[in-house]
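Participant: If you read the protein sequences in the order shown, they are chains P and E.
If you're matching positions, the first sequence starts at 0 in numbering that gives the first Met the number 0 and goes up one per residue.
If you're matching positions, the second sequence starts at 0 in numbering that gives the first Met the number 0 and goes up one per residue.
One structure is given below, represented as structure tokens, and several questions about it will come after.
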Amino acid sequence: MSSSPQEKKGKDNFIIGHMRDSVKARYEEVYLRRSIEHKKLQIKQMATGILGGITFLFVWYVLSQTIIDKLPSPWVTLVQSVKTVMDPWYYKSVYHSLYRVLVGFCTASALAIPLGLMMGWNRIVRDMTMPGFELFRSVPPVAWVPLSIIIFANMEYSIVFITFTGAFFVVTLNAKLGAESIDQSLFRAAWCLGANPRQIFRHILLPGALPSIFMGLALGIGIAWQTVVAAEMIAGQYGLGYLAWESYSLIRFPEVILAMASIGVLGYLCSAILRAIANKYLAWRKVYTA
Amino acid sequence: MAKAKEGNVVAKHVSLVYDPLGVNVLAVADCSFEIEAGAFMAIVGPSGCGKTTLLNMIAGFESPTEGEIWVDGVCIASPTIHLTPGPDRVVVFQHGALFPWRTVLENVCWGPMMQGTMSSKEAIEKGREILRVAGLETCENEYPMNISSGMQRRVEIVRALVNEPKILLLDEPFRALDAMTKSVMHQYLLNLFDMTGKTIMFITHDLDEAIFLADRVFVMTTRPGRLKQMIEVDLPRPRNLKTKVTDRFIELRNQALGAVHEEARKAFERGEREMAK
């Protein structure tokens with residue numbers, strides 16, 4: 000077969016292999032037309048998105064010139080931002096925030112996933128931990144700030160710890176939910192096929208709860224970012240939250256917006272990476288329909 | 000497979016009492032039967048009569064409150080002996096229990112790999128081989144969600160057979176299938192049965208299905224489930240679609256129809272009474 004766009008699709012290849020030439024030509028024509036239409040649709044969508052962005056900037060500009068005259072205009076913000084982004088000092092802030100989020104979030108996940116799975120699987124673990132969990136879960140992460148400063152004395156550790164508490168509860172509860180949602184007959188089937196408890200944990204509990212775990216991780220990293228910024232504003236040195244607050248004190252308003260945008264971009268990147276990993280491990284959930 | 004036949008199952012006066020929230024429910028009462036090695040037995044009864052409970056006890060998911068279950072001359076379950084599930088008695092479940100995150104081939108090799116009886120390479124080879132024999136090699140790399148429900152059931156039966164179980168326990172495996180797929184699956188199961196000679200215990204609420212497939216049909220009463228009628232099916236094997244229109248088939252069916260219908264009606268009426276409470 001020639002190297003047509005159909006090469007990519009295994010199923011289509013199979014179908015084409017069984018077609019008469021006349022039908023094949025017709026099929027390829029239809030396929031080509033359909034892919035062109037698809038491209039057109041994509042371009043249209045992108046154009047609409049860009050239009051939305053331009054509208055946003057325009058509204059921002061108008062507002063900054065009229066009602067909210069303290070607000071720097073998009074252009075001023077951009078110029079000042081470029082200057083700041085060239086400055087190594089800015090990256091120190093980025094590095095500190097990113098480091099705190101990642102350490103807090105990863106530690107939280109590493110503890111929360113096994114704990115949550117055990118809570119969903121084993122009644123004794125659930126009964127032992129659930130009351131405490133319900134109690135601590137409703138404490139907002141920021142409320143941990145004074146206590147964590149008392150415990151750790153070191154600012155850096157206490158901010159990481161606050162980030163940890165932000166992610167920990169939501170990841171645990173989602174892992175628990177995932178473990179509970181697994182069909183009981185899968186566990187029974189695994190028993191029948193001769194698996195031991197350790198294998199059931201690794202091969203049934205973990206993959207079965209994975210969709211829910213990733214949901215928890217996505218929520219957790221979002222909360223971790225919210226928490227780190229709040230903690231940095233209250234108690235931080237360096238970091239993007241600190242940068243936003245400091246720039247406000249020094250009346251450098253474009254930098255306030257830059258710090259906010261940086262947090263947005265970094266948060267988005269973290270979620271995108273998580274989503275990519277999830278798509279890789281959850282490939283089995285994609286159902287191909289004809 | 001010219002091994003000495005194994006997989007003889009004897010149930011001696013088996014009863015099971017559920018105790019949910021302090022209210023005792025007698026699910027199975029004083030059931031005794033024998034499945035000879037290499038025989039196909041079907042259990043028929045109305046919904047909620049304890050068919051699945053009976054199967055669960057042989058599989059090892061539940062222990063009998065009274066009575067004993069013997070396999071090949073060994074008592075494996077009694078009120079004092081708590082049986083654990085194992086690869087010698089594999090269950091195929093009502094709604095299907097293929098692992099959705101594993102491909103068909105991975106599902107089939109799962110048992111031997113977990114038990115450590117084969118290296119993963121051997122297990123994959125054996126899985127491929129048995130899938131080829133079963134006519135499923137085209138979908139070995141698909142995830143279970145992407146194949147039809149009939150195929151899923153076939154894969155699940157194959158996954159059970161890879162472990163060379165003594166007994167295959169089928170818990171209404173074709174319940175969710177449409178009539179056409181079902182009749183194809185019956186033929187498929189009969190072929191496998193003739194080929195492997197495994198002992199099979201098959202649960203269903205469909206009398207025709209039971210008579211068509213089994214050597215012996217055990218009709219259960221409504222809850223508490225006990226023996227209502229035992230039908231010896233002497234239809235010759237191999238069986239095919241024509242078997243269903245022979246005089247003998249219709250005769251056997253008519254013999255049992257009254258009993259099954261009576262129990263179904265009782266179950267229905269009890270359901271209405273319980274609703275009214």
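Note that CB positions come from ideal geometry on N, CA and C, so glycine has one too.
(1) Could you spell out where the alpha helix (DSSP H) holding P:Thr128 opens and where it closes?
(2) Where does the unbroken beta strand (DSSP E) through E:Trp69 begin, and where does it stop?
(3) For E:Trp69, decide whether its Cβ has a neighbour in chain P, counting only Cβ atoms nearer than 7 Å.
(4) Is there a Cβ from chain A that is less than 7 Å from the Cβ of P:Gly235?
(5) Tell me the DSSP bridge mates of E:Glu128?
(6) For P:Thr76, which three-state DSSP category applies?
(7) Using C-beta distances below 7 Å, list every residue in its chain close to P:Val255, excluding the 5 sequence neighbours before and after it, in chain order.
(8) To the nearest angstrom, how far is it from the Cα of P:Tyr156 to the Cα of E:Ser118?
(9) Looking at P:Ala208 and P:Ala166, is the spacing between their C-beta atoms short of 7 Å?
(10) DSSP beta-bridge partners for E:Ser14?
(11) Could you pull the DSSP bridge partners for E:Val89 from this structure?
(12) Taking E:Tyr142 as the query, report the chain P residues whose CB atoms sit under 7 Å from its CB, ordered along the chain.
(13) Does the beta-carbon distance from E:Val157 to E:Ala133 come in below 7 Å?
(14) Find out if the Cβ-Cβ distance for the pair E:Ala58, E:Thr198 is shorter than 7 Å.
(15) Under 7 Å, do P:Val100 and P:Trp224 count as touching if we go by C-beta distance?
(16) What does P:Asp182 reach in chain E if we use C-beta pairs closer than 8 Å?
(17) Round the Cβ separation of P:Val228 and P:Leu216 to the nearest angstrom and send it over; I've been treating them as touching at under 8 Å.
(18) Give a yes or no on whether 7 Å exceeds the smallest Cβ distance from E:Gln114 to chain P.
(19) I'd like to know if P:Thr288 contacts chain E, where contact means its C-beta is closer than 7 Å to some C-beta of that chain.
(20) With distances taken from CA atoms, which of E:Val9, E:Leu226, E:Arg272 is nearest E:Cys314?
(21) Whole angstroms are fine: how far does the CA of P:Tyr241 sit from the CA of P:Phe187?
(22) So that I know if they touch, is there some Cβ in chain P lying closer than 7 Å to that of E:Lys2?
(23) Taking 7 Å as the threshold (C-beta atoms), are E:Val89 and E:Asn162 in contact?
(24) With 16 other CB atoms within 10 Å as the buried threshold, where does E:Pro164 fall?
(25) For the structure I just gave you, are there three or more beta carbon pairs, one from the region 80-94 of chain P and one from the region 140-150 of chain P, closer than 8 Å?
(26) Under the three-state reduction of DSSP, which class applies to E:Met113: helix, strand or coil?
(27) Can a CB atom of chain P be found closer than 7 Å to the CB of E:Ile86?
(28) Using beta carbons (cut-off 7 Å, strictly below), is E:Gly110 in contact with chain P?
(29) Kindly list the residues whose CB is nearer than 7 Å to the CB of E:Phe211, restricted to its own chain and excluding five residues on each side of it in sequence; keep chain order.
(30) How about E:Pro63: is its C-beta nearer than 7 Å to some C-beta of chain P?
(31) Say whether chain P places a C-beta atom closer than 7 Å to the C-beta of E:Val89.
(32) Since P:Ile220 and P:Ser270 are thought to touch, with beta carbons under 8 Å apart, how far apart are those beta carbons, to the nearest angstrom?
(33) Mind checking if E:Pro99 is an interface residue toward chain P, Cβ cutoff 7 Å exclusive?
(34) Under 9 Å between beta-carbons, which chain P residues line up against E:Asn162? List them in chain order, please.
Facilitator: In short:
(1) 122-136
(2) 65-70
(3) no
(4) As a matter of chain content, chain A is missing from the structure shown, whose protein chains are P and E.
(5) DSSP lists no partner for E:Glu128.
(6) helix
(7) Ala243, Ser246, Tyr247
(8) 47 Å
(9) no
(10) E:Glu65
(11) E:Leu167
(12) Trp283
(13) yes
(14) no
(15) yes
(16) His94, Ala96
(17) Actually they do not touch by this definition, with Cβ atoms about 19 Å apart.
(18) yes
(19) Low local confidence applies: a pLDDT of 46 at P:Thr288 is under 50, so the model's placement there is unreliable, and no value is given.
(20) Residue 314 of chain E falls outside the range modelled here, since chain E spans only 0 to 276, and no answer is possible.
(21) First, the amino acid is wrong: residue 187 of chain P is Arg here, not Phe. The alpha-carbon atoms of P:Arg187 and P:Tyr241 are separated by roughly 53 Å.
(22) Because the pLDDT at E:Lys2 is just 48, under 50, the model does not fix this residue reliably, and the value given afterwards should be weighed accordingly. No, E:Lys2 lies away from the interface with chain P (no Cβ there is under 7 Å from its Cβ).
(23) yes
(24) buried
(25) no
(26) helix
(27) Looking at the sequence itself, residue 86 of chain E is Pro, so the reference to Ile does not match. Cβ-Cβ to chain P under 7 Å: yes for E:Pro86.
(28) yes
(29) His185, Arg238, Thr242, Lys243
(30) no
(31) yes
(32) 6 Å
(33) yes
(34) Cys191, Leu192, Gly193
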